[in-house]
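Asks: Handing you a structure now.
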RNA sequence: CGGGAUGUAGCACAGCUUGGUAGUGCACUUGAUUUGGGAUCAAGGGGUCACAGGUUCGAAUCCUGCCAUCCCGACCA
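In the numbering used here, the protein residues as written are 118 to 680.
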């Protein structure tokens, strides 16, 4: 590409409405441009990176025998009603009506349509296994789009679906996809970890996430310092911390604690550590109030709570509800005399002589023990914390943050049951098909790569996804020899199949260098006054400059960029 | 959806408190000088001050409404 008559621009300053380093760089480098909240234009350079990422994904998908298809975005609402997910997605689905008043949605993910497509083929167990994938636009009306390309409302996703006759078949298909995902992440040069995750609205048996490691990631990854344990915090199991010495149980008493509502304030009042307190949080679980007890320094894990109570919707109760079940202002809830079911985190069962709210405004009970109240149930209901014991090996837990670039699901028979996707087995019995689904967000991968590889000069793309591999900078476009030699090198490299930018703009050298570094071209050939002595300069994006004889430069590129 | 903030030239911002000719830097055009790390000087072009009402002789500025964008929270596949 010759820059002079191309759609190419860069901005010298950050823009106002982007927060992340990576999204600002992508905007400044002219890769993307925000169109509206959570919706982006993909401009020429950005599209090239996207297409390279997509090509790597396609190659790995094709290698597993997966076949590419393309599903519509515009889907009758009925499709999601019949699978039971219309309600699950709720208002995060874009919904619209056609001219006849029929209800449509814009697809947020496509398990249903792939299951319907599979029905066309599957009659008997002999029709499986097979798998399909697509590279297609998804729509999700996020309550709060943010973080550049990370949380958006319209995005391209590669989604794949496997179809098998039984669980053993699904295991094989899942392993193949899982392996392909590892290959993809490796080829993209992402710094990533694979973690266990919640299956969420997708449902099914198992979910694993491919998380790009970066401090700005939205997900908290729970890792162990001494084994390979890796989990999203939402499902990381906790080992209850038992006291080292058993205390003698003391007599409970009521203490006046005016103006002490938060754990910090109450801890201050008693001059005790938060670990000696139990906080009682009132949740609304499918509309019913439920109290949850965790140690004062812990947080309730709502995913675990939802699973334990087999609920669909878990959220903190509003103030009115809290007042109703505790007969007190918010901040004084406790298990004694509360008017709703109480569930305790496992750890609370091992605590002694602790402090809880008294369900009376301005009062707490001290020296409370488990005999002093009754609970409806208990279990692992808290978030694991840094420094906790690894549930797998007993090592120490540490946190990292990640961007969820890919996700694999063992769906099982959830969708085949809902959509009557069945086959005849060898004894002529109708059986449900076993499905798996597998997603990757190429744009998230692009953002994660920019985030992981940016420096003070701009983006530093891995050569496999860089929009161009080599930039040729002409120092003076008024020097005919420089122009002629640069053009010749450009033509030669292009002919040999390299992707090359020729910066033939009438700009000062500094501007061209800065621009090529900002957009992250991995290698640069500079044609300047050295051409009089038959020399050009060769430089890696982050490496040192070196002089190369002009007749050797093609060879130099071929040696450096091995393809 | 709750809380907070911001909308002024392509980009980043000032001006608003105290109403009176719409400004600065970058970018852009022309000329000159420069020419290996975001040049300098000079002269220019470009704005319905988000939008809609209202107050006023007069509104970017005050009032009301509304839309958009961003941040925190809730939510999150």
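Here a beta-carbon is modelled for each residue, glycine too, at the ideal position from N, C-alpha and C. The model shown is predicted, which means the values in this text are computed figures rather than measured ones.
Would you kindly work out how many angstroms separate the C-alpha atoms of residue 620 and residue 251, rounded to a whole number?
Replies: By 1-based counting over the first chain, the position of residue 620 is 503. By 1-based counting over the first chain, the position of residue 251 is 134. Distance between the alpha carbons of residue 620 and residue 251: 36 Å.
Asks: Nearest CA to the CA of residue 447: which residue from 454, 324, 435 and 456?
Replies: The residue labelled residue 447 in the question sits at position 330 within the first chain. Considering only alpha carbons, the answer is 435.
Asks: Along the chain, where does the alpha helix (DSSP H) that runs through residue 318 open and close?
Replies: Translated into positions along the first chain, residue 318 becomes position 201. From DSSP, residue 318 is part of no alpha helix (DSSP H); its letter is neither H nor E.
Asks: Which whole runs of the alpha helix (DSSP H) in the segment 389 to 468 are 4 residues long or more, in chain order?
Replies: Counting whole runs of 4 or more residues, the segment 389 to 468 contains the alpha helix (DSSP H) stretches 419 to 425 and 436 to 443.
Asks: Hey, could you find the ends of the alpha helix (DSSP H) residue 179 is sitting in?
Replies: Stepping through the first chain from its first residue, residue 179 is reached at position 62. It spans 161 to 180 - the alpha helix (DSSP H) in which residue 179 sits, taken as one unbroken run.
Asks: Which residues in the same chain have their Cβ closer than 8 Å to the Cβ of residue 400, if we skip the five residues on either side of it in sequence?
Replies: Position 283 of the first chain, counting from 1, holds the residue named residue 400. These residues qualify, in order along the chain: 406, 407, 408, 409, 417, 419, 422, 431, 432, 433 and 434.
Asks: When the Cα atoms are used, what is the spatial distance from residue 232 to residue 383?
Replies: Numbered from 1 along the first chain, position 115 holds the residue referred to as residue 232. Numbered from 1 along the first chain, position 266 holds the residue referred to as residue 383. Residue 232 and residue 383: Cα-Cα distance of roughly 55 Å.
Asks: Can you give, in chain order, each stretch of the alpha helix (DSSP H) that sits fully within the segment 527 to 564 and has at least 4 residues?
Replies: List check, alpha helix (DSSP H) in window: 531 to 535.
Asks: Give the single residue among 557, 471 and 611 whose Cα lies nearest to the Cα of residue 297.
Replies: Translated into the one-based positions of the first chain, residue 297 becomes position 180. When only C-alpha atoms are compared, the closest one is 557.
Asks: Count Cβ pairs between the segment 460 to 475 and the segment 491 to 499 that sit closer than 8 Å; are there 3 or more?
Replies: Judged by Cβ distances under 8 Å, the segment 460 to 475 makes contact with the segment 491 to 499, as three or more pairs qualify.
Asks: So, with DSSP's three-state summary, where would you put residue 272?
Replies: Taking the first residue of the first chain as 1, we reach residue 272 at position 155. Strand.
Asks: Where DSSP assigns a beta bridge to residue 613, which residues make up the other side?
Replies: Working through the first chain from its first residue, we reach residue 613 at position 496. Bridge partners of residue 613: none, in fact.
Asks: May I ask you to report which of helix, strand or coil DSSP gives residue 657?
Replies: Taking the first chain and counting its residues from 1, the one referred to as residue 657 is at position 540. Note: residue 657 maps to strand in three-state DSSP.
Asks: Between residue 353 and residue 160, what straight-line distance do the alpha-carbon atoms span, to the nearest angstrom?
Replies: In the first chain, residue 353 corresponds to position 236, counting from 1. In the first chain, residue 160 corresponds to position 43, counting from 1. Distance between the alpha carbons of residue 353 and residue 160 is about 40 Å.
Asks: How is residue 206 classed by DSSP in three states: helix, strand or coil?
Replies: As a position in the first chain, residue 206 is number 89, starting the count at 1. Helix at residue 206.
Asks: Exposed or buried, residue 62, counting other C-beta atoms within 10 Å across all chains shown (16 or more means buried)?
Replies: The question about residue 62 has no answer here: the residues shown for the chain are numbered 118 through 680.
Asks: When we look at the beta-carbon of residue 481 and count the other beta-carbons within 10 Å, is it buried (16 or more) or exposed?
Replies: Start at 1 with the first residue of the first chain, and residue 481 comes out as number 364. Residue 481 should be labelled buried.
Asks: Within 10 Å of its beta-carbon, does residue 650 have 16 or more other beta-carbons around it, so buried, or fewer, so exposed?
Replies: Along the first chain, one-based indexing puts residue 650 at 533. Flag for residue 650 reads exposed.
Asks: Pick from 149, 123 and 122: whose alpha carbon is nearest that of residue 132?
Replies: Counting from one through the first chain, the residue named residue 132 turns up at place 15. Nearest of 149, 123 and 122 to residue 132, Cα basis: 149.
Asks: Considering residue 231, what are the terminal residues of the alpha helix (DSSP H) in which it resides?
Replies: What you label residue 231 is simply residue 114 of the first chain in a count that begins at 1. Run containing residue 231: 228 to 238, per the alpha helix (DSSP H) assignment.
Asks: With distances taken Cα to Cα, identify the nearest neighbour of residue 319 among 329, 445, 278 and 311.
Replies: Stepping through the first chain from its first residue, residue 319 is reached at position 202. It is 278.
Asks: Specify the secondary structure class of residue 643 as computed by DSSP and reduced to three states.
Replies: Position 526 of the first chain, counted from the first residue, corresponds to residue 643. Looking at residue 643 - three-state DSSP - the assignment turns out to be strand.
Asks: Please check the pair residue 568 and residue 164, which I expect to be a contact at CB under 8 Å, by giving their CB distance rounded to whole angstroms.
Replies: Taking the first residue of the first chain as 1, we reach residue 568 at position 451. Taking the first residue of the first chain as 1, we reach residue 164 at position 47. Not confirmed; about 19 Å, so no contact.
Asks: At the level of alpha carbons, what is the spacing between residue 675 and residue 538?
Replies: Here the question's residue 675 lines up with position 558 in the first chain. Here the question's residue 538 lines up with position 421 in the first chain. Roughly 52 Å between the two C-alpha positions.
Asks: Which residues mark the beginning and the end of the alpha helix (DSSP H) in which residue 122 is found?
Replies: For the purposes of this step, residue 122 is identified with residue 5 of the first chain, where counting begins at 1. Element bounds for residue 122: n/a, residue is neither H nor E.
Asks: Say whether the segment 233 to 242 touches the segment 255 to 269, bearing in mind that this needs 3 or more beta-carbon pairs closer than 8 Å, one atom from each stretch.
Replies: Contact between the segment 233 to 242 and the segment 255 to 269 is absent, because fewer than three Cβ pairs lie under 8 Å.
Asks: Let me check one thing: in DSSP terms, what residues is residue 213 bridge-paired to?
Replies: For the purposes of this step, residue 213 is identified with residue 96 of the first chain, where counting begins at 1. Residue 213 pairs with 221.
Asks: Classify residue 554 as buried or exposed, calling it buried when 16 or more other Cβ atoms lie within 10 Å of its own Cβ.
Replies: Sequence index remark: in the first chain, residue 554 carries index 437 (1-based). Buried, because 16 or more other Cβ atoms sit within 10 Å of the Cβ of residue 554.
Asks: With contact counted as at least three CB pairs below 8 Å, one residue from each stretch, are the segment 605 to 621 and the segment 659 to 671 in contact?
Replies: Contact between the segment 605 to 621 and the segment 659 to 671 is present, because at least three Cβ pairs lie under 8 Å.
Asks: Using the C-alpha atoms, what's the distance from residue 168 back to residue 185?
Replies: Counting from 1 along the first chain, the entry for residue 185 is found at position 68. Counting from 1 along the first chain, the entry for residue 168 is found at position 51. Their backbone Cα atoms lie some 15 Å apart in a straight line.
Asks: Evaluate the contact criterion for the segment 505 to 517 versus the segment 335 to 342: three or more CB pairs, one atom per stretch, below 8 Å.
Replies: With the cut-off at 8 Å, the segment 505 to 517 and the segment 335 to 342 touch.
Asks: If you follow the alpha helix (DSSP H) that residue 387 is part of, which residue opens it and which one closes it?
Replies: Counted from its first residue, the first chain places residue 387 at position 270. First-last of the alpha helix (DSSP H) with residue 387: 380 to 387.
Asks: Apply the 10 Å Cβ neighbour rule to residue 388 and answer buried if 16 or more other Cβ atoms are within range, or exposed otherwise.
Replies: For the purposes of this step, residue 388 is taken as residue 271 along the first chain, with counting starting at 1. So residue 388 ends up on the exposed side.
Asks: Looking at C-alpha atoms only, which residue of 487, 489 and 562 is the closest neighbour of residue 522?
Replies: Mapped onto the first chain, residue 522 falls at position 405. For residue 522, the nearest C-alpha among the options comes from 562.
Asks: Put residue 633 into one of helix, strand or coil per three-state DSSP.
Replies: The sequence position of residue 633 within the first chain is 516, counting from 1. Residue state, collapsed to three classes: helix.
Asks: Please report the Cβ distance between residue 551 and residue 244, rounded to the nearest whole angstrom; I am assuming they are in contact, meaning their Cβ atoms lie under 8 Å.
Replies: Counting from one through the first chain, the residue named residue 551 turns up at place 434. Counting from one through the first chain, the residue named residue 244 turns up at place 127. Their Cβ separation, rounded to whole angstroms, is 13 Å, which puts residue 551 and residue 244 out of contact at 8 Å.
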